[in-house]
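**Q**
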Amino acid sequence: MPVTIDYYMSLTSPFTYLGSALFAEIAERNNATVNVKPCKFGPIFEQTGGLPLPKRSPQRRAYRMMELKRWREVRGIPINLEPEYFPCDDSMATRLVIAAKLQGKNAHRLSLELGRAVWEREETLADPATISSAAERAGLDAAELRAGGPSDTELDELHDRFTQEALTAGVFGAPSYVLPSGEIFWGQDRLDLLERALKKLAS
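Residue numbers for the sequence shown follow this note's numbering, beginning at 6 and rising by one.
#1: Can you find at least 3 beta carbon pairs, one from the segment 49–64 and one from the segment 95–110, that sit closer than 8 Å?
#2: Going by Cα to Cα distance, which pick from Phe167, Pro83, Ala104, Arg142 is closest to glutamate 127?
#3: Reducing DSSP to helix, strand and coil, say where lysine 42 ends up.
#4: Nearest-angstrom Cα distance between glutamate 188 and valine 123?
#5: Just tell me which of Asp146, Arg121, Gly178, Leu206 has its CA closest to the CA of alanine 105.
#6: Would the segment 161–173 count as touching the segment 128–141 if we require 3 or more Cβ pairs under 8 Å?
#7: Using the C-alpha atoms, what's the distance from threonine 135 back to glycine 24?
#8: Give me whichever residues DSSP pairs with threonine 135 in a beta bridge.
#9: With a threshold of 16 other CB atoms inside 10 Å of the CB of glutamine 108, please say whether the residue is buried or exposed.
#10: Taking just the CA atoms, how far does methionine 6 sit from glutamate 87?
#11: Can you tell me which of Ala37, Thr53, Gly47, Lys74 puts its alpha carbon nearest to the alpha carbon of threonine 173?
#12: Take every Cβ of the segment 27–45, pair it with every Cβ of the segment 8–16, and state whether three or more of those distances are shorter than 8 Å.
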């Protein structure tokens, strides 16, 4: 039986983006299904002891920047460490990812391209044109995904539900990959361990 991995993520998280392409490769070669669940990490931080970036200590912010530089080199992904449009309102983009998921489209690929818009292309997810272009790169049509689909309110309610599901699962940071057993792998730097676990499950 194929394993389904719950993927708790944020479109504006650089670490989510850094691991997104590799995670897709790992899932494919291990016959795993990715269940994308965009979350609101502000409320998650509040309930799990985390802090939003502006409230972190200078030491933690400096170390985050160092880690981004390291992983940019390791992954070979030319992210901008301080993009012009970070943070930005990603609610419109998140709704599209959830709409794609509900229609059985490749929501993971869409989320990757939306992340690329922020971290490589210097674009804001608050711009409908940015979102449409990202969808096109993912082989999707943004207008078609939203036509006749759930309302903004319904999609926002699902966003809240995924956030609560993340808290129930024990998630406290993005990205987090959760196996059916409940085992959590937090951070794109744990992808090797995730693949190791998938291979054990298949053996």
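Think of the CB as a built atom: it goes at the ideal place given N, C-alpha and C, for glycine as much as any other residue.
**A** By the coordinates alone:
#1: no
#2: Pro83
#3: strand
#4: 30 Å
#5: That would be Asp146, whose Cα lies nearest to the Cα of alanine 105.
#6: no
#7: 21 Å
#8: Partner(s): none; threonine 135 has no beta bridge.
#9: exposed
#10: 42 Å
#11: Thr53
#12: yes
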